[in-house]
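Just so you know, the numbering used here puts the end of the sequence shown at 865, numbered straight through with nothing missing.
Inspection log for the structure reproduced underneath, given as structure tokens.
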Amino acid sequence: ATEEDLHKLAAACDPATFGMNQLDVLDESYRKAGKLDRTDFALNLDIVGNGLLQAVHSALFDWEDNPRGIKAELYKLNVYGPGSFFKAHKDTPRGDDMFGSLVLNFPVKHEGGALVLRHDGREVVHDASAAAYTAPNQVSWVAFYSDVEHEVLPVQSGYRITLTYN
Numbered sequence: 700a701t702e703e704d705l706h707k708l709a710a711a712c713d714p715a716t717f718g719m720n721q722l723d724v725l726d727e728s729y730r731k732a733g734k735l736d737r738t739d740f741a742l743n744l745d746i747v748g749n750g751l752l753q754a755v756h757s758a759l760f761d762w763e764d765n766p767r768g769i770k771a772e773l774y775k776l777n778v779y780g781p782g783s784f785f786k787a788h789k790d791t792p793r794g795d796d797m798f799g800s801l802v803l804n805f806p807v808k809h810e811g812g813a814l815v816l817r818h819d820g821r822e823v824v825h826d827a828s829a830a831a832y833t834a835p836n837q838v839s840w841v842a843f844y845s846d847v848e849h850e851v852l853p854v855q856s857g858y859r860i861t862l863t864y865n
């Protein structure tokens, strides 16, 4: 996609909200980003057929004697442009069977916007803008449980484009 295409995508987005006490809240001092709900865009990506969901399953549950089955429900597309961020938070469960989130990062050139995950005194940083994650035509992904605190650091330039699944 060209820079103009990405700018048009960002302009087509609504301001991104976040969940607080079972309500959707808009507060750009806490989260500044754009979003498209799953009904507002078309997607030709089969995460079951391409093996991604199995990779997520293995990463999360291979240690179990009887690993549970999982499904991923597309939630939204997020666009983080220059100056966009999301302060540290834990996800609000969007259903009784939601136990975590899957975030796919499109290989779009940008600086900043790293996803920082924290749990039990440990911190892991997934920087999709780093060369290791920006192979052409290949998404990077992060899966984490709902009790993991996470934040998106400010985007310095370009656009961080993600799909989020529950």
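C-beta atoms are modelled at their ideal positions from N, C-alpha and C, and glycine is treated no differently.
Presumed contact (8 angstroms Cβ cut-off) between S845 and N804, rounded CB distance: So it is not a contact: roughly 20 angstroms between Cβ atoms.
Test item: CB-CB of G820 and V851 under 8 angstroms: no
A758 - DSSP class collapsed to helix/strand/coil: helix
N720 burial status per 10 Å Cβ neighbour count (16 or more: buried): exposed
Paired residues, beta bridge with E702 - DSSP: The partner list for E702 (beta bridge, DSSP) is empty, contrary to what the question assumes.
For K808, three-class secondary structure by DSSP: coil
H756 at chain D interface by Cβ criterion, 8 angstroms: Note that chain D does not occur in the displayed structure, where there is just one protein chain.
C-beta atoms of H788 and V815 nearer than 8 angstroms: no
Close beta carbons around Q855, own chain, < 6 angstroms, minus the five adjacent residues each side: E810 and G811
Backbone secondary structure at L751 - three-state DSSP: helix
C-alpha distance - L752 paired with K707, whole-angstrom precision: 30 angstroms
Closest Cα partner of T786 within the set V755, E727 and A711: Per the sequence presented here, residue 786 reads as Lys, with Thr not at that position. Considering only alpha carbons, the answer is E727.
Where the beta strand (DSSP E) containing E727 begins and where it ends: Note, E727: premise wrong, no beta strand (DSSP E); not H, not E.
8 angstroms Cβ cutoff met for A771 and L735: no
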